[in-house]
Structure formats: C-alpha cells, structure tokens
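The structure appears below as structure tokens.
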Amino acid sequence: MLAAASKKQYLFIALLVIAAIVIGFWEPHALIYGIQRGSLYAVIALPLALILGILGVLNLAHGEFLTVGMYATFVLFSRFGVDPMLSTVPVTLLLAVVGVAVYLLTIKHVLKAGHLSQLLITFGISLVISELIKSIYTTQPRGVFTTYSYSSTTLAGIRFGTYEFLYLLIAVAVLVGLQLFLKKTRLGQATFAVGQNPRGASIVGINVSFVYLFVFGLSIAIVGLASVFMVPRVSIFPGAGTPYTMKSFALTAMAGLGNLNGILLAGIALGIFEAVVNAIPGGSGWSDVVFFGVLILVIMTRAIREGRR
Amino acid sequence: MPVLETRGLEKRFGGLLAVRDLSFSASRGEILGIIGPNGAGKTTVINLVAGIFPETSGQIYFKGQEINKLSTHERNHLGIARTFQSVRPLDHFTALENVMIGALFGQGMHLAEAREYAYEICDLIGLKNVDRSIDNLTVLDLKKIEIGRALASKPDLLFLDELMAGLNADETAEMIEVVRELQRRQLTIIVVEHIMAVVRELTQRCIVLDGGAIIAEGSYEEVAKQERVIEAYLGKEE
Amino acid sequence: MRNKAMLIVAAFVIAAASLPLFAGPYFLSVFNTIFVYMSLALTWDIMLRTGQLSYGTAGLFGLGAYASALLVAKAGLNPLVSIAAGGAFAGLLAFFLGFGVLRLRKIYFSITTLALTTVFSVIIRNLPRLTGGASGTVLPRALFNGDPGKNYWMIYCLALAVIAISVWLSKSKTHYAINAIRNDEITARSSGIDVFKYLLFIFVLTSTIQGVIGAFYAQQYAFVQPEATFSMNFLLLPLAMALVGGVYSTIGPVVGAVLLGLVSEYLKLIMPYGHLIVYGIIIVLVVLFMPQGITRAFAKLFTRKMQVGGVDSASLRD
C-alpha cells in the first residue's frame, strides 16, 4: 500500500522540478495555476485510490459525492448564510454519513460479486445521485461568492490568486494524515493489512468488514472536505463533480495502485501540463484531452509491459 | 526425438527464482512424474510449457520445434494440453459442452463434429450423463471434465496437475485406469502429483524439483531412496 | 411447444411491422426510439458476453453518427449509403483501437472505453471547420424527408437484423469461445481459443452496429452535436435495458428495451428533471436483487416445477 519513494519516483520529482522551473520562466501563471489545480485533483483522487486499494472497488460515483458536498455547502450558505469555511466540519461529517449509508446499502453487498457488479452498481449510484440533484435543484448553475476566494498578491511582478494555494495545503495535510493513520494507528495498520490480504487479515482477527466500512466513510468524508474548499471558486451544477471520477482514476493509474505520495506528484504534473495546454493559444479546448490521453496512455503502457499472450 | 524438451529453462518472479536451469525431456508414450515439496515450482513448469507466462530464459522444444514465442492457444493447436490443479470447468456449459471446447478450438472442428467427438471422449474416460449442467457434480466427474476437455484437443502431450487431489481410494483407482488407457494411445503424459502411491503406480520416470531446480531424476524407487529427496520433503536434520 | 413459440414470435414480428399502418406519429416515434436503444442494448450485451464491460457504446454510436452526417453534409453522399459508411467507420476504428484496448481487462477496459468516448467528443468539438464544433452540424434534409413510417421501418429492420445476429451468435462456435473466455480466460487459452481474435471480432462487430445505429439516428434527425450525439444516454439506457431484461441473452435486452422504453416515455411526461433517476435505481436494484434479469425470473416462476434442461447462465459473477 505504501511503497517507499522509489528511484523512479525521485527521477520523476527531479524531472517535475526542472519542468516547473522552465515553465515558471516561460509562463509563470501556468505553473502557479497548475500547482493549485493539481493539488486539488490529488485531494480528490486520494480517497478514490484508497477505496480501490483497500476494497478493490472502482467507485464510479466518486465525482457525484463531490457534487453532493458542493450542494450541501451551497445550501448552508444560501439558506443559513454559513460561510463555506465554516461548513468544513458539518459537510465533511455529512459526507461521511452519506458514504457509510451508501456503503451499507449497496457496496457492501457486491464486494464479493466481482468487478462487473461493482462497475454497474457504482455507475447506477452515480446516476441516482446526479439525477436526484437535478430533480431537486434543476440544472441551473449556482455559485457561492466570497471576497477572500478572489484575493490575490503580486510577487516578482507576477499577480496571482492566493486562495487556491489552500488546495496544496489541504493535499499535503490529507496525505500526511493518511500516512500517519496507516502507519501509526491500530486501525490504520489493520487497514493496511486488509489492503494487502483480506483473508489473512481476517484470520489474524482483524474485523475486515469494519475496516471496509471505515475506509469508505473516511474516503467520502475527504471528498466532502475537498468539495467545501472548491465551492467558492467553481460553478455548482448537477454534473460539477462528474469529471473528477475519471481525473482521479487517471492519477491513481499514473501513480500506481497503493502509491499515495505518487498521487500528489501525478496531480501536480497533470495540473501543470493541463495549465500549459490551456496557456497555448487555441489550446484551451484541448485540455480535457490531457487527462484522458494520459489515462489511456498510462493504462496501455502498463498492459503492454505486462505482456499478455 | 523427444516430444518435449526444455533447455536451461528459468523463471523469475520479481526477486524469486521459481524455476532455475531446468533441462528435461519426455518421449512418446511415456508417463513422466514431476514431484517435489510445495512451492518447488512444479505448476510453474506446466505454465511455462503451456505458455501461460513467458520464461525468463531458456528454450522449450516441442516435437523438435522451438515454441518459446508461441502463445498459449498456438501451443495447444500444436498438441499441448493440460488440466488445472483447481478444477476450472466452464460453469455456463453442460459437461459435454465443456469437453466440446477442446475439440472446437484445439482441433478447429465444427459444432456437429465436435459434439460427436466429445461424446467419444466422454465414453473413453467413463464420463456419464454428459448432457446435464455441471452444478452439483462430484469432484471425480469435474476432474474427468478437465481431462476430457484437454483430450478433446487431441494433444500429443498432456499435463495432469494434481489430478488425484480430493479423490477417495476408489476414485483414484478409477482415474489411474483412465490415465493408463491414455498411455496405451501413445500420449505423452506428465503428471504433477503429491500422492506418492500414484506416482509409483503410474510413472516410469520422475524428476524431483526443489527450489525450482532438479535435485534427482530416475524411477520412483530410485529417487525415493536418495538422501537429497528425503531431505527436501522432510527438511534437513540438524 | 417450439412451434407455439415460433408462432408467438412471428405474430410479434408482423404486428410490429404493421405498426405504421394504424399508429400515429407519436406512437411510432416512441417505438422508433425503443428500437434504437434495443439495438444498442443488444450490442452492449454481446460484448459483455465476452466478460468485457464496455462503457464505450455512446462513443462508437457518436462516431458513426458524425461520420455519416459529415459524409452527407460535406461530400453529398446518399444518406442510406452514409449509414453504412458510418458503421464501417466505427468498425474500422474499433479494429485499430482493439489492438490496444483489448489487451485490457476488467475495470481497465471499462474505464478506457469510457475515456475514449470523452476523447472522441472533445476531438470533434475542437475541429469546428470539419464538424461544426460545439454547435454541431445540421443536415439539409432528414432521412426519407422525415416520413415517420419509413423511418420506423428502417430502424425496425435494423433492430431485427441485430436480433438475428445475436441469435445466430448464440448458436455459433463463437458463442462457445466467448462464453469460455468470460468464464475463465486461462482455461480458454489452454483449450486452444485465440482469445484476442474472438474479442476483436466481437468488438468490431458490436462497434459497427453501434456506428450504424448512430448514423441512422443522425440521419433521422438531420443533426449532430457533440453533447447530444455523444450523450451518456446512449450508454446508460441500453445498459439498464439489458440488465433489467437479463444479460447474456437475446430476449433479455429486447424485453428490457420495450419495458424501459415505455416506462421512460411515461416518466418523461411526469418528471421533466431527473427522470433518469429511475434508470439509476433500476440498475442498483437489479444488480443487488435480480442479477439474472426479469426474463429469467419469469421463466423460473413458470417452470419451477418442470425439469429445466439448459444451463442457467444467469449471473454477473465473474
């Protein structure tokens, strides 16, 4: 689950730093924006990777949970005037509860059913959530405006937004928190063991089904946390979270299953790459292809390297 | 010319050398035993020859032709068939249809032809009531389906992986008869087996694997006496 | 028994064929849509029979639609010929893509086909000179000048052809190969099955059909536009229909399409926003409680007492 940084990873970091310096001189906004967005991608991808790594389930409803979090934050703001930053705790808790409920009602029952059932049921859940939101709030985009989310500063003659650096902070916090949890706590070590070998874990007395429940709840809670901080900067609509499922899977595939640190690196790399494509005149329409292109490329390379006969 | 020959075959899984410098051969009509303690690399040898995964180095010759580059189904077309240690019947099919698979794709027969041929094979191995679903079949029948499917591809070389595991004494005796009948038909058979009585009964020659390498070779009586073999099975006495 | 079944089938075929003689345009358009989704549901199911869950149905549908529409709009091709060309384009692309994606299994295959759908639509959106970009391309004339009867017959014949292909496949040698692959790929390979060859055949076949149906759809409405043409509905609805009816069969997707097609017409009227939620709930419930599908559940209900000869191949187990 927690592969120590390998030689390859250091090489990747080195390349990333060099690329960042080059891009920093050429188009500093792309670099800053890329790091900010990339960190956000990583925060959202980490829980997807956790569920995939521990439960073995690819959660196709991942992005929809993000949408739920955004709407919850929006409702707290518009109905009760709660500032998004103050929504952090309630929304995170709410999503944990939602995650636990969804797990108990559905995911739990297909854990042993094989990947077809899992792919189908999470796909069904994604549809239920997004359509439910549509039927309550229609497709009209909503927004939450706060002055602080558009604050900016000027450094070395470059003017840039500061709010989104929060994403980097959260990404590092979530990553460190997860690592500490997995290494230092009993439950974390149990989780780690379940991810390695569920049958073995249950033989040595670990309550595997509780670990699954906990991991799913925790993961969806992290998604909720991410959604709160996104709200002041994005437009909220029923499909707002949807693209993040694939983006998260792209990062997970790039980092390799079980490599949590790699997800942050992959996120920043793709974030910068995307920002650079956007910065190229006429390139903005193509930036979506960046993630999917990389995703397909990574998956293909792995398959070919495995050398199926 | 031997039906199967390997030269310096080696397989590495990450840091583990599962098979090392393995050279052996099997000739027509022979029953060769591969024995050894758990984790000795016996099934890995089958998987290498059948082409389930590529070897790290070494050559495999089948009927004089190097087959290293061939894929699993191509090797089957040439005449290599196998059963699986854990029975793997195709559970949406009847017993007969399971056997038909071998004839359809191993030999490239048409449906009607394959059906006829599969009936013959089932007769040969004593598999009865072949038109029912495979749910609720006995272990013996499931194992027979495994053999039947492998046989239906008309192989020259047949691997039997732990065929007797899970069978009682009567069933084992019946299965031994089936294998003897196949030998009479000039098939080359390689048995991977844990039950020593079966090895003694069936094989003319054995190779003993330990840690992926051959530690002894010869008739069962010969190898069973060797100290290295006894050590491998019982562990070294201090 | 067999004759009786044949008679019932024949009655359905004739009744459906004569629908335009007495039904009004609304009713025809409802069934027209049902046949579109039925064909897609069958192709999705045929691919699933190999054990590969494709999320690319909408992508190849959309490619066929665009290929056909652009050939008519830019090259003045006959619309009927362009429908065949749309299928050929989707099939050809699937052939080349197959060499890559068919190396993948399980979630990796599924997610890659999903990603490809997005890539197709993004590429098309970003080639405005050729494709009309985000606003799409409108064709000068709809197929058969929009005659509802002729359009109905056209898609009806296409759907019948797809049903025939599905039935033929289930009686062919290919059926044995793909069932074996789904069941256990290692056993399949060891038994002499060229797994890649069969996967490629099924992938190209189903993609071609998806392309043809997409092309028909584009010609019928004389319109292609990235968001509408690559709509997830062309994946979602067929998938739900096949699941509800019962996967790994011909009858399942057919019954599922008629059932859900009629239900969704009704839901559209009473629920303008979010009526697709019903599909989501159906998918979840079917996976949890009725993975064998409605047709097999019914068959079981009526034949419980009888000795069933065949093998119940109904489960999503893998």
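Residue numbers (my numbering), protein chains in the order written: chain A, 156 to 464; chain B, 26 to 263; chain C, 40 to 357. Virtual Cβ for every residue (Gly too), placed ideally from N, Cα, C.
Original post:
Under a CB-based cut-off of 8 Å, is Ser-149 (chain C) close to chain B?
Top reply: no
Original post:
What are the residues of the stretch 195–214 of chain C that lie near chain B, defined by any Cβ-Cβ distance shorter than 7 Å?
Top reply: Lys-212
**OP:** Output yes if chain C places a C-beta closer than 8 Å to the C-beta of Leu-152 (chain B); else output no.
**Re:** no
Subject >> Per-residue DSSP class, three states only, for Gly-83 (chain B) >> reply: strand
**OP:** Measure the CB-CB distance between Leu-282 (chain C) and Val-323 (chain C) and report whether it falls below 8 Å.
**Re:** no
**OP:** Please name the residue, chosen from B:Leu-129, B:Ala-43 and B:Gly-58, that lies closest to His-214 (chain C) on a Cα-to-Cα basis.
**Re:** B:Leu-129
Subject >> Within chain B, the residues that Ile-232 (chain C) reaches when beta carbons sit closer than 8 Å >> reply: His-98, Ile-126 and Phe-130
**OP:** Pull up the CB-CB distance for Phe-269 (chain C) and Thr-156 (chain C), whole angstroms please, since I reckon it's below 8 Å.
**Re:** 6 Å
Original post:
Does DSSP put Gln-351 (chain A) in a helix, in a strand, or in coil?
Top reply: helix
Original post:
Do you know how far the Cα of Gln-264 (chain C) is from the Cα of Gly-63 (chain C)?
Top reply: 28 Å
Original post:
DSSP state of Val-216 (chain B), grouped into three classes?
Top reply: strand
**OP:** Please check if any C-beta of chain C sits within less than 8 Å of the C-beta of Leu-157 (chain A).
**Re:** Bear in mind that the predicted position of Leu-157 (chain A) carries a pLDDT of just 42, short of 50, making it unreliable; the figure below should be weighed with that in mind. Not an interface residue.
Subject >> Residue from A:Leu-210, A:Ala-328, A:Met-385 and A:Gly-394 whose Cα sits closest to the Cα of Thr-293 (chain A) >> reply: A:Gly-394
**OP:** Express the C-alpha separation of Leu-215 (chain A) and Gly-33 (chain B) in angstroms, rounding to a whole number.
**Re:** 47 Å
Original post:
Helix, strand or coil: which one does DSSP assign to Glu-187 (chain B)?
Top reply: coil
Original post:
Between which two residues does the alpha helix (DSSP H) carrying Gly-126 (chain C) extend?
Top reply: 118–140
Subject >> Alpha-carbon to alpha-carbon, Arg-341 (chain A) and Leu-335 (chain A) >> reply: 11 Å
Subject >> Cβ neighbour criterion (16 or more within 10 Å) applied to Ala-205 (chain C) >> reply: The question names Ala, yet the displayed sequence has Ser at residue 205 (chain C). Buried: at least 16 other Cβ atoms inside 10 Å.
**OP:** Kindly list the residues whose CB is nearer than 6 Å to the CB of Glu-319 (chain A), restricted to its own chain and excluding five residues on each side of it in sequence; keep chain order.
**Re:** Gln-191
Subject >> Test: Ala-458 (chain A) CB closer than 8 Å to a CB of chain C >> reply: yes
Original post:
By the 10 Å Cβ neighbour count, where 16 or more other Cβ atoms means buried, how is Gly-133 (chain B) classified, buried or exposed?
Top reply: exposed
Original post:
Got a sec: is the Cβ-Cβ distance from Lys-263 (chain A) to anything in chain C below 8 Å?
Top reply: no
Original post:
Rounded to a whole number of angstroms, what is the C-alpha to C-alpha distance between Ile-427 (chain A) and Gly-411 (chain A)?
Top reply: 20 Å
Original post:
For a contact meaning CB atoms closer than 7 Å, what does Asp-223 (chain C) contact in chain B?
Top reply: Arg-113 and Leu-115
Original post:
Can you tell me the Cα-Cα spacing of Met-125 (chain B) and Val-265 (chain A), whole angstroms?
Top reply: 33 Å
**OP:** Compare the C-beta of Leu-136 (chain B) with all C-beta atoms of chain C and state if any pair is closer than 8 Å.
**Re:** yes
Subject >> Beta-carbon proximity of Ile-280 (chain A) to Tyr-226 (chain A), cut-off 8 Å >> reply: no
**OP:** Could you tell me the distance, in whole angstroms, from the CA atom of Leu-419 (chain A) to the CA atom of Ile-241 (chain C)?
**Re:** 39 Å
Original post:
Listed in chain order, which residues of the stretch 173–198 of chain B have Cβ atoms closer than 7 Å to some Cβ of chain C?
Top reply: Arg-174 and Ser-178
Original post:
From Val-74 (chain B) to Leu-330 (chain A), what distance separates their C-alpha atoms?
Top reply: 45 Å
Original post:
Are the stretch 368–385 of chain A and the stretch 166–183 of chain A touching, with three or more C-beta to C-beta distances below 8 Å?
Top reply: no
Subject >> Cβ-based burial, Thr-69 (chain B) [other Cβ within 10 Å; buried from 16] >> reply: buried
Original post:
Using a Cβ-Cβ cut-off of 6 Å (strictly less than) and excluding sequence neighbours within five positions of Leu-213 (chain A), which residues of its own chain qualify?
Top reply: Leu-207
Subject >> Any chain C beta carbon closer than 8 Å to His-219 (chain B) >> reply: no
Subject >> Helix, strand or coil at Gln-346 (chain C) according to DSSP, with G and I counted as helix >> reply: Its pLDDT being 39, under 50, Gln-346 (chain C) is placed unreliably by the model, and nothing is read from it.
Subject >> Span separating the alpha-carbon of Glu-256 (chain B) from that of Gly-191 (chain B) >> reply: 26 Å
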